[in-house]
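For what it's worth, my numbering labels the leading residue of the sequence shown as 1, then goes sequentially. By construction, the Cβ of each residue, glycine as well, lies at the ideal position given by its N, Cα and C atoms. Since the structure comes first, as structure tokens, the remarks are kept for the end.
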Amino acid sequence: MTTPDWAPPGIDLDVPSPARVYDYLLGGAHNFAVDREFAERVTAVIPTIATAARTNRAFVQRAVTFMAEQGIDQFLDLGSGIPTVGHVHEIAQALIPRARVLYVDHDLIAVTHSELILKDTPTADVINADLRNPKDILASPRLAGLLDLSRPIGLLLASVLPFVPDRDNPLAAVAELRNAAAPGSFIALTHVIPEGDGDTTRKAAGLYQNAADSMAVRTREEVTAFFGDWELVEPGLTWTPQWRPRRPEQAGNGESSLALAGVAIKK
Ligand SMILES: C[S@@+](CC[C@H](N)C(=O)[O-])C[C@H]1O[C@@H](n2cnc3c(N)ncnc32)[C@H](O)[C@@H]1O
């Protein structure tokens with residue numbers, strides 16, 4: 001297969017990448033045949049997967065708006081993905097024009113495409129880093145150049161923790177990020193769970209065993225643990241579309257989102 005000119009050298013065109021599969025499910029153009037075929041296989045098991053992806057993305061936008069309304073003007077978006085409509089910095093800056101965002105991803109396409117989009121935006125940057133190494137992220141000069149960790153920050157962990165297996169200790173990684181954040185900071189996260197039609201979710205997770213990052217399905221209790229001692233804001237940990245829907249009818253059938261969403265504050 002030939003590599004398109006927008007793709008950086010060194011990417012593997014034979015293994016589906018969760019970032020590119022997610023991009024395809026959202027209707028984006030930065031994906032390859034291997035990703036599209038994989039997405040179709042997941043869709044055969046979970047016909048609502050594309051809706052779930054859009055629901056997840058819509059939550060990110062509501063959570064960023066919520067945090068900006070609380071005065072948060074700096075964000076660390078972990079596992080930020082391939083930029084898609086409504087980037088975090090655009091949403092935040094619509095409310096707080098000086099808002100700053102550091103995007104973090106370990107997928108080359110996600111990072112390269114973000115660099116392209118952000119090249120004329122001094123208030124946002126992207127680094128190629130792995131959530132499993134929070135020390136590297138926190139010590140990044142690009143982070144220091146953009147964010148002030150002595151002030152409250154918005155940590156975003158949307159649909160990324162499922163791609164960090166327990167053996168890589170995601171709880172410790174997230175705890176390290178929480179510890180680095182000042183009081184008044186928020187954390188927003190989404191995570192697939194085995195509740196509702198959990199059998200289906202597990203089947204999809206089985207397919208991801210052959211992708212670049214495997215997928216862990218965690219229980220409600222396990223997802224809650226990522227918030228540590230931070231206080232969940234109303235309405236707590238809910239099905240993703242039920243977290244502060246813009247209109248009540250958007251809350252829809254929560255279970256079809258396959259994932260829980262929540263936002264918590266460091267007191
Ligand atoms: C499903 S996408 C979610 C994108 C975005 N957060 C959103 O919710 O719209 C998951 C992203 O997490 C990234 N990712 C997975 N494991 C990661 C890790 N260990 N470190 C950094 N990024 C990771 C993938 O490359 C992908 O871009």
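Using a Cβ-Cβ cut-off of 7 Å (strictly less than) and excluding sequence neighbours within five positions of G10, which residues of its own chain qualify?
Here the set comprises L108.
Separation of G206 from P97, as counted between CA atoms:
43 Å
Between L155 and chain D, is there a C-beta pair that is closer than 7 Å?
Although the question refers to chain D, the structure presented lacks it and comprises just one protein chain.
Tell me, to the nearest whole angstrom, how far the beta carbon of L138 is from that of A172; I am working on the premise that it is less than 8 Å.
The Cβ separation is near 13 Å, so there is no contact.
Which residue from V192, V126, N133 puts its Cα closest to that of L147?
V126
On a Cα-Cα basis, can you pick out the residue from T201, N56, T112 that is closest to A44?
T201
At which residue ranges does the stretch 111-138 contain complete beta strand (DSSP E) runs of 3 or more residues, listed in the order of the chain?
Taken in chain order, the unbroken stretches of beta strand (DSSP E) that lie wholly in the stretch 111-138 and span 3 residues or more are 124-128.
Please look up how many angstroms separate the CB atoms of F186 and Q70, rounded, as I've assumed it's under 8 Å.
7 Å
Beta carbon of I153 nearer than 7 Å to that of L76:
yes
Assuming P134 contacts L189 under a Cβ cut-off of 8 Å, what Cβ separation, rounded to an integer in Å, is found between them?
Actually they do not touch by this definition, with Cβ atoms about 15 Å apart.
For A211, which residues from the same chain have a beta carbon less than 8 Å from its beta carbon, with the 5 sequence-adjacent residues on both sides left out?
V15, P16, S17, P18, V21, F38
Decide yes or no for the touch test of the stretch 213-224 against the stretch 61-68: beta carbon pairs closer than 8 Å, at least 3 of them.
no
My output table needs one value for V42: the three-state DSSP class, helix, strand or coil.
Assignment of V42 by DSSP, reduced to helix, strand and coil, places it in the helix class.
Cβ of R62 within 6 Å of any heavy atom in ligand 1?
The beta carbon of R62 sits no closer than 6 Å to any heavy atom of ligand 1.
Span separating the alpha-carbon of P183 from that of V88
Cα to Cα, the separation comes out at about 22 Å.
With distances taken between CB atoms, is the gap from P235 to S257 smaller than 7 Å?
no
Reference A53; option with closest CA among G254, Q209, V263
G254
Identify, in the order they occur along the chain, each residue of the same chain with its Cβ nearer than 7 Å to the Cβ of L26, setting aside the five sequence neighbours on each side.
A53, R54, R57, T84
Out of K266, P165, N169, A251, which one is the CA nearest neighbour of V217?
P165
Considering just the uninterrupted stretch of the alpha helix (DSSP H) at V177, what are its terminal residues?
Contrary to the premise, residue 177 reads as Leu rather than Val in this sequence. Segment 170-180, the alpha helix (DSSP H) holding L177.
If we ignore side chains and look at the alpha-carbon of each, how far apart do Y24 and W6 end up?
16 Å
Nearest by alpha-carbon distance to H30: which of R41, L13, R100 is it?
L13
Taking Y103 as the reference, which of A251, L161, L237, L78 has the closest Cα?
Per the Cα distances, L78.
Beta-bridge pairing of E231 - partner residues as DSSP gives them
I265
If we count the other Cβ atoms within 10 Å of its Cβ and call it buried at 16 or more, is E99 buried or exposed?
According to the sequence provided, residue 99 is Ala. The question's Glu does not apply to it. It is buried - the Cβ of A99 has at least 16 other Cβ atoms within 10 Å.
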